[in-house]
Each structure stands twice: as C-alpha cells, then as structure tokens.
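Asker:
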Amino acid sequence: MPFFFKNQILFLTMLILLYLTFGINGPAKASEGIDHYYIRYDIKSGNNKIIDEHLTMVPANNDFRAEKFSPSLVSNAISADPGDSKQTIDTLAKENALKLVLEKKGLKSVKTHNNETIISYEGMIITPIALSISAYDGARGGYGYTARIQFAPIAFPDQWETLKMKNRIKEIFHDFLLLFK
2 MPFFFKNQIL FLTMLILLYL TFGINGPAKA SEGIDHYYIR YDIKSGNNKI
52 IDEHLTMVPA NNDFRAEKFS PSLVSNAISA DPGDSKQTID TLAKENALKL
102 VLEKKGLKSV KTHNNETIIS YEGMIITPIA LSISAYDGAR GGYGYTARIQ
152 FAPIAFPDQW ETLKMKNRIK EIFHDFLLLF K
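Per our numbering, the sequence shown starts with residue 2, numbered consecutively.
(1) Would you kindly work out how many angstroms separate the C-alpha atoms of Ala78 and Ala98, rounded to a whole number?
(2) If distances are taken between C-alpha atoms only, which option among Ala81, Ile155 and Val75 comes closest to Gly139?
(3) Mind checking who Ala67 pairs with in its DSSP beta bridge?
(4) Should the segment 98-109 be called in touch with the segment 149-166, which here means at least 3 C-beta pairs below 8 Å?
(5) Is the separation between the beta-carbon of Leu103 and that of Tyr122 shorter than 7 Å?
(6) Work out the CA separation of Ala156 and Phe70 for me, nearest whole Å.
(7) Can you tell me which of the three DSSP states Arg169 falls into?
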C-alpha cells in the first residue's frame, strides 16, 4: 500500500476517533423549524366512566424512539356551532384527528391503580398536518373533516437501545459528510 494512502486512512481514523471521543456537534440548524412532535393521549377512567383525558404534544426533533413514519388518513366530524371561528374549528379538528390516529396506530399502555385505569397512546408526527374541513352539516350538528398525518408509533421499550445506536451512527455519518461540503 502506498505511503500516502496509509496516511489518509490514519488521518480519517483519527478524525473519527476524535469525533467519537469529544462528541463534536455538527453545524447549528437555525433555519430549520421544529417539525417532529411527540404526542401522547391519556384517558383516565374509573367506575366505568371516563374521568379525564389529556392530549400532550411536545417537540421531539432528536427523539429516536419512533418506528417508521407513514401517512395516515383520518376522517370524522366535530361538533361545533356555525358561528365558531375558523381557527377554533381547525384546532378542534386537529386535536380530534390526533386522538383518532393515536388510538388506531399508537403504542398503547395501560396502568391501573385502585379503581382507576389510565390508557395511554404514544406516537410521533411530522408537521404540518394537511386538513380539509367541509361545510357545516346541520344533520350532524358539526363539521366533517379529513386530515393527512405523517405518523409513527413509539417503538417498544426493549427496542430503544438499538434505535438509539442506529440514530447515533446516522448522526455521525451525516456529520462526517458535512465535513466535505
């Protein structure tokens, strides 16, 4: 092997080792907005009645626990008055769409304490949500909607270490390629 080629391999190996040792961060991505969100829907019930429900949505750009994203189409109707603002109707439709997609495709977990049960559905979405709302329907007492959501359920906890390692390797490779741009 030529001396020059050996030096290049040695240099690249040392660079990768330094990168792994000190965790050099890639360039800041200031122009990019948050588009990945972790969502969770909790339903608390007791004595065969729903007591409370919460929909939580937080930014998750660096979360590695999601399985593969796929488009999900959700259609339903929301009850609203014809005088409600478009923003209120959009918000209600998006919340309802997220709850439905979580119930259908999300990772489901159940916790029971005393006579209360909490059912949780978890997943991740990529925004924006494509939402189409139809005109007010007096027979239904609300608005029909269709939402297209890029959704991925959260993987089972026993897969998180593997997903974390794959994500770290992907980041290292991506950052390495940025050195040559």
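We treat Cβ as the ideally placed atom computed from N, Cα and C, and that holds for glycine. Small disclaimer: the values here were computed from a predicted structure and weren't measured.
Answerer: A quick look at the data gives this:
(1) Translated into positions along the sequence shown, residue 78 becomes position 77. Translated into positions along the sequence shown, residue 98 becomes position 97. Approximately 10 Å between the Cα atoms of the pair.
(2) The sequence position of residue 139 within the sequence shown is 138, counting from 1. When each option's Cα is compared against that of Gly139, the closest is Ala81.
(3) As a working note, residue 67 is residue 66 in the sequence shown. As a beta-bridge residue in DSSP terms, Ala67 pairs with Ile155.
(4) yes
(5) Counting from 1 along the sequence shown, the entry for residue 103 is found at position 102. Counting from 1 along the sequence shown, the entry for residue 122 is found at position 121. In this structure, Leu103 places its C-beta atom within 7 Å of the C-beta atom of Tyr122.
(6) Residue 70 sits at position 69 when you count from the first residue of the sequence shown. Residue 156 sits at position 155 when you count from the first residue of the sequence shown. One C-alpha to the other measures close to 12 Å.
(7) If you number the sequence shown from 1, residue 169 lands on position 168. Residue state, collapsed to three classes: helix.
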